[in-house]
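J.:
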Amino acid sequence: MTTLRFPFLCLPNDLCSKVLKTMDPHEIIIYSLLSKKARSMFKSLRLPISSVQVTMEKRPLIVFQFSSNSIIVRLRV
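Residue numbering for the sequence shown follows UniProt numbering, beginning at 1 and increasing consecutively.
Written out as structure tokens, the structure reads:
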């Protein structure tokens, strides 16, 4: 089975923003952790995050609180 990759970062910024707006918030947040450019694109969306909580344990935990729901990201170290 071959895996095809889409050159997302090669798209113009306005098209990247439109694609990001169609993604779920947890997908956007995880994407933003990939690179500086991805983080910059995430910031330009101005998602209404009310709080962020980081817990450093055996498996670090990040909780993003939006107005209607929250997203939990557990990191593997």
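All C-beta atoms in this analysis are idealised placements derived from N, C-alpha and C, irrespective of residue type, glycine included.
Leaving out five residues on either side along the sequence, give the residues of the same chain with a beta carbon under 8 Å from the beta carbon of L75.
T.: Within the same chain, L75 has close Cβ partners R59, P60, L61, I62.
J.: In three-state DSSP terms, what is S70?
T.: Of the three classes helix, strand and coil, the one that applies to S70 here is strand, per DSSP.
J.: Compute the Euclidean distance between the alpha carbons of V67 and S51, then round it to the nearest angstrom.
T.: The sequence given here has Ser at residue 67, not Val. The straight-line gap from Cα to Cα measures roughly 9 Å.
J.: Any idea what DSSP makes of S50, helix, strand or coil?
T.: Strand.
J.: Within 10 Å of its beta-carbon, does residue 85 have 16 or more other beta-carbons around it, so buried, or fewer, so exposed?
T.: The structure shown has nothing for residue 85, since the chain only spans 1 to 77.
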